[in-house]
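Visitor: Sequential numbering of the sequence shown, starting at 319, is according to this note's numbering.
Yeah, the Cβ is synthetic: ideal placement off N, Cα and C, and Gly gets one too.
Model, not experiment: these values are computed from the prediction.
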Amino acid sequence: RWFVTTRSSRHRDAAHLRVLSTGIMRESLRKHRPDLLEYAVPLPLPLQYPIRDLPLDPYVLGAWLGDGDNRGHGTLSQHPNDQEVIENIRARGFEVRKHAAYCEWGIQGIIPMLRGLGLPYNKHIPDVYLHSAVEQRSELLAGLMDSDGTIDAIGRCEYGGINRILVEAVRE
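1) In three-state DSSP terms, what is R348?
2) Quick check on this structure: which residue in Y377, E486, H449, V359 has the alpha carbon closest to the alpha carbon of A409?
3) Exposed or buried, what is N440 when buried is set at 16 or more other beta-carbons lying within 10 Å of its beta-carbon?
4) Assuming G461 contacts L379 (C-beta within less than 8 Å), just tell me the rounded distance between them.
5) Buried or exposed: I278, going by 16 or more other Cβ atoms within 10 Å of its Cβ?
6) Taking DSSP as the reference, what is the three-state secondary structure of V414?
7) With Q454 and L372 assumed to form a contact (beta carbons below 8 Å), what rounded beta-carbon distance in angstroms separates them?
8) Could you tell me the alpha carbon to alpha carbon distance between E476 and V488, rounded to whole angstroms?
9) Can you check the region 377–437 for any alpha helix (DSSP H) of at least 4 residues that lies completely inside it and give the ranges in chain order?
10) Since G390 and L432 should fall inside the 8 Å C-beta cutoff, what is the C-beta to C-beta distance between them, to a whole number of angstroms?
11) With respect to the beta strand (DSSP E) encompassing I483, which residues constitute its N-terminal and C-terminal limits?
12) Please tell me whether L335 and R319 are closer than 8 Å, where the distance is taken between their beta carbons.
Written out as structure tokens, the structure is:
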């Protein structure tokens with residue numbers, strides 16, 4: 319059994335929830351065009367966890383996980399014309415310096431935090447971040463999206479990371 323909205327209720331601007339079984343929905347879909355979104359399951363509310371005392375700012379961690387060096391040396395690849403990520407990291411109290419390499423930046427003081435989280439040569443989202451408050455998880459996701467995400471003209475967002483462990487953690 320599923321709580322669902324139907325295509326007709328969504329078009330009337332009255333998203334009334336109905337409870338339907340998978341079997342009933344399957345049978346009714348045989349009568350409709352398969353390319354229509356007849357049923358929609360509303361998104362659940364996020365899991366609620368307490369605010370955690372995190373060893374590294376969640377946005378900074380997300381940005382580093384997306385575009386940081388795998389060795390954990392505290393460097394980040396960012397095109398010089400795209401300063402928003404660098405400015406967001408600076409706004410969180412970190413000094414960021416341009417390295418000689420064209421797109422390489424160093425985040426000062428981050429190396430011990432990355433090591434403490436076991437991240438060098440092991441990029442993943444630590445459990446303490448996955449089980450932190452909604453706001454903290456949102457900041458982590460913002461850093462990941464700023465490094466490896468896209469948004470289209472109508473507001474659809476997509477995370478396009480290539481590290482399977484990170485992709486699965488983002489899904490979680």
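Guide: So, to answer that:
1) coil
2) For A409, the nearest C-alpha among the options comes from Y377.
3) exposed
4) 6 Å
5) As displayed, the chain neither begins before 319 nor continues past 490, which places residue 278 out of reach and without an answer.
6) strand
7) Sure, about 7 Å apart at Cβ, within 8 Å.
8) Answer to the nearest angstrom: the Cα atoms are 11 Å apart.
9) Counting only runs of at least 4 residues, the region 377–437 fully encloses the following alpha helix (DSSP H) elements, listed from N- to C-terminal order: 402–409, 429–434.
10) At roughly 4 Å, the Cβ-Cβ gap stays under 8 Å, so G390 and L432 are in contact.
11) Annotation: I483 is outside any beta strand (DSSP E); the continuous alpha helix (DSSP H) that includes it extends over 482–489.
12) no
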